[in-house]
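At position 270 of the sequence shown the residue is numbered 266 (this note's numbering), and the sequence of numbers has no breaks.
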Amino acid sequence: MKKQFFISFIIIFAFLGYFALVKQAHADYCVDQSVGKITSVSPSSFSYGDTITINGYGFNQSGWKYLDMRFGDTRWVLNSGNVVSWSNNQIVLKIDSVFSATSGNLVELILEQLNGTGDKRICASIGDIQWNYLPMCTSWAYSNWGTCSASGQQTRTILSSSPSGCSGGNPVISQLCTYAPPTCISWTYSNWGVCSSNGQQTRTIASSSPSNCTGGNPVTTQSCTYTAPTCTSWTYSNWGACSSNGQQTRTIASSSPSGCTGGSPILSQSCTYTPPTCTSWTYSN
């Protein structure tokens, strides 16, 4: 019993000693916080394809090039291809396939110098920021292509993608197409116009459907019974000479409205007949 207790004590003591050494080593390679410090990371949960923002100060110190992210006991080193922007107070990163972990808690960030032995690092224990790794999609199953729009584009939707649980990738969900306007099947019209002298009346199309359609068989003319309008005004010739019955006449030169009939034109009037002076005679024997 004493022997088992002694062995357990030795194991615990060795573990505590190792932990103290690791903690001390960690403190040795982290720079003084007056030089630089990582203060926060957002968002609090991120996945493959997301952009994350690291805030703090001192990021532009000479040689700061590598950024390590530690998930539990697994450490991933981000390269320059992950960097969206880098300033003295903020680093913005794009999370890509450099990560292969399925999930985990981001517990530490370490900003490292470029050179090797004797590096100093800006360190931060972040706590529990959830990381969910989603692999990049490489293939998709699609719906059928939709109809071609007036802009010359047609689209389709993604029904499923693989590998399972993936995100991102480059699915093809739109393409160019040749737009063919649909044939019109219904119309709204203006009122019928007046019936013309040829027995036809017309109307115009106010709108048609479906939208952007062409053609079809709209009804824009029809037969009608023409009724000539009654004349209301006239232009006349000059009055003729006054006849012996005390009347003089004139003729109609034109009438209105166009194509009219009837009405009450004034074609005759009374006049005072003056017999002409004789200029020649015939005599008896």
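Just so it is clear, CB atoms sit at the ideal spot from N, CA and C, and this is done for glycine as well. Only a predicted model underlies this, so the values are computations on that prediction, with no experimental measurement involved.
- Taking the C-beta atoms as reference points, S204 is found no nearer than 9 angstroms to C173.
- In this model, Y185 and Q218 are separated by some 13 angstroms (Cα to Cα).
- Here DSSP, grouped into helix, strand and coil, assigns N281 to coil.
- With a 10 Å radius around the Cβ and a threshold of 16 neighbouring Cβ atoms, V215 comes out exposed.
- Where I48 is concerned, the enclosing beta strand (DSSP E) starts and stops at T47 to Y53.
- Rounded to the nearest whole angstrom, the C-alpha separation of N84 and V37 is 15 angstroms.
- T223 has its alpha-carbon roughly 42 angstroms from the corresponding atom of P177.
- Bounds of the beta strand (DSSP E) holding T245 are Q243 to T245.
- Scanning its chain for C-beta atoms nearer than 7 angstroms, with the 5 sequence neighbours on each side dropped, one finds around T198 the residues G189, T216 and T217, in chain order.
- Where V80 is concerned, the enclosing beta strand (DSSP E) starts and stops at V79 to W82.
- A Cβ-Cβ contact shorter than 9 angstroms links L89 with I48.
- No residue range can be given for V168, since it is assigned to no beta strand (DSSP E) and is classified by DSSP as neither H nor E.
- By the Cβ-count criterion, N78 is buried, with 16 or more other Cβ atoms from all chains shown falling within 10 Å of its own Cβ.
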